[in-house]
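What follows is a single structure, written as C-alpha cells, with notes after it.
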Ligand code: PMP
Ligand code: GLU
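Residue numbers (this note's numbering): 324 to 720.
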C-alpha cells in the first residue's frame, strides 16, 4: 500500500532501533552488552511510584485537561522559578507525552514549509525528522571535537538565511555531553536577537551535570525569554523514561497552538504519570544526586579507558550520560575479510564480533564518532570495553 510522501522522508529512530536489536539478540540467547539507548538503569524512586499508586487508587484515571493538570503545571512553574529564575504563568506552560512529544508539537505549531531550522551537529537523532515532519528544512551546522562540539556565533551566522526561523540548542548535549557556559550563550543570543530567530532549548539533561558545574539556559539571557521554548521532562532526571511526561514553557500563543494539536492527537498525557511527575518535581531531589554519583564514576572510567585505546580520542563530557569518542582511525581497517568504512560499519562489526551495541555517529550527523550510553552498571561497562578493545585489536590495516 502506498504510504504518505511524508513518511518516506524520515527513518525510524536509530537509538530505539539499536535498542530493539540488542533486545532481540538477547532473546535469541546472545549475550549482548548494550551501550545503545539512553535509558537510566535505575528504578523510578519509590516516592514517585507511590504517588502513581495513590492516583490509581483514588480514581485519578480519567481524561485530564489537554495540556496537563493545574497541579503539574504549577509544579513546572515552581521548578522554572526555583531552578532557572524564570517566571511563567499557567498559559505559558504545557505538559506532553515526553520531551520528544513536546518537540513534535512545537514543530507542528511553529513551522511552515520552507522554514529552516538550524541544528548543530552532532545532534540528537530526532531533531531533523521532527522538523521534516512539520514540512520545514533542517539545516545542520558542523561543530568540532576541538571546540568541545559547541556552536560558535560565527558558525551560526554562517548558516542563517532569510528563511531561518528556529535554532535548536541542547545542553548538556546528547550525544557529546557538552555544556554551554553563560558567556557562550550570551554570544549566541546576540546573533539570535539580531536575526530575530526563535530557540528551542532542550534541557532534558539539565540535572545531569558533573564537576560542580551550574546549569544555564539561554532564556535567562537578556531579551531571550520571549523567543525561547524551554523543553524539559522527567525521563532522564528521575529515571522515568517509560512514564512519558515532558513539559515546555514559552510564548503563550504557541503553547495554545501546541495544546490545540495535542487536543486533536493524543489528548492529555497519562493521568497517573502526571501525578507521578508532580511527586518527582516537588519531592526530595536527593535521588538525582545518587544517580549522578554513579554516572560520574562510570563517566570517568569510560573516558580513561577509551583514551587508553590506541588511536582513539574522547573528550570528557560535562553532562548527560554519553561519551562520544572519535574512532575514525579504524575506518581504514579490515576485519573478517570486510572493509570497515564508517561509523555504521564499525558499530556493526562491534555488534557481531564483540557483542556490544553502540550507536554509530552517523545517526547524530557526525560519522567519525560512536556514541556510548553509560546508563548501565560499571561492571557491564568494564566487560564491554574489554570486548571492544579486543575486537579493535583484530582490525588490520
Ligand atoms: N531530548 C534529548 C536530547 C534526548 O536525548 C531525549 C531522550 N529520549 C529527549 C529529548 C526525549 O526524551 P523523552 O521523550 O523521554 O522525554
Ligand atoms: N534519548 C535517548 C537516546 O538518545 C532515548 C532514545 C530516543 O528517544 O531516541 O538514546
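No residue lacks a Cβ here, since even glycine has one placed at the ideal position from N, Cα and C.
Nothing here was measured: the structure is a model prediction, and the numbers come from that model.
In DSSP terms, what residue i is bridged to
i	result
residue 439	460, 487
residue 683	693
residue 602	In DSSP, residue 602 forms no bridge with anything.
residue 560	Residue 560 is not bridged to any residue.
residue 649	636, 692
residue 642	532
residue 672	Note: residue 672 sits in no beta bridge, so no partner.
residue 553	524, 572
residue 657	662, 719
residue 444	465
Per-residue DSSP class, three states only, for residue i
i	result
residue 465	strand
residue 431	helix
residue 700	coil
residue 357	strand
residue 369	helix
residue 418	strand
residue 385	coil
residue 425	helix
residue 413	helix
residue 716	helix
residue 351	coil
residue 707	helix
residue 339	helix
residue 492	strand
residue 471	coil
residue 326	coil
residue 362	coil
residue 332	helix
residue 408	coil
residue 449	coil
residue 390	coil
residue 481	helix
residue 377	helix
residue 344	helix
Own chain partners of residue i with C-beta closer than 6 Å, once the 5 adjacent residues on each side are dropped
i	result
residue 425	419, 554, 569, 571
residue 674	680
residue 368	610
residue 643	495, 497, 500, 528, 531
residue 614	365
residue 342	359, 360
residue 686	337, 448
residue 444	463, 465, 688, 689
residue 557	563, 568, 600, 603
residue 628	708
residue 651	691
Residues of its chain near residue i, where Cβ-Cβ distance is below 7 Å and the 5 sequence neighbours each way are ignored
i	result
residue 620	701
residue 639	626
residue 592	391, 418, 419, 420, 567, 568
residue 394	601
residue 388	591
residue 585	389, 390, 419, 428
residue 452	333
residue 597	387, 391, 392, 395, 418, 568
residue 410	404
residue 480	514
residue 543	407, 408, 409
residue 696	358, 359, 360, 361, 644, 645
residue 715	632, 653
Sequence-distant residues of the same chain with beta carbon closer than 8 Å to residue i, five excluded per side
i	result
residue 726	An answer regarding residue 726 cannot be provided, because it is not within the stretch 324 to 720 covered by the chain.
residue 703	356
residue 706	356
residue 536	502, 641, 642
residue 353	678
residue 595	375, 378, 379, 383, 384
Please write down, chain order preserved, every residue whose beta carbon lies under 6 Å from a heavy atom of the ligand PMP.
With the criterion CB distance below 6 Å from any heavy atom of the ligand PMP, the matching residues run 361, 421, 422, 423, 447, 493, 497, 525, 527, 556, 558, 564, 569 along the chain.
Residue ranges of each alpha helix (DSSP H) run of no fewer than 4 residues wholly in the region 498 to 550, ordered along the chain?
As far as the region 498 to 550 is concerned, its whole alpha helix (DSSP H) runs of at least 4 residues are 505 to 517.
Complete runs of the alpha helix (DSSP H) confined to the region 574 to 632 [at least 4 residues]:
575 to 586, 594 to 605, 609 to 630
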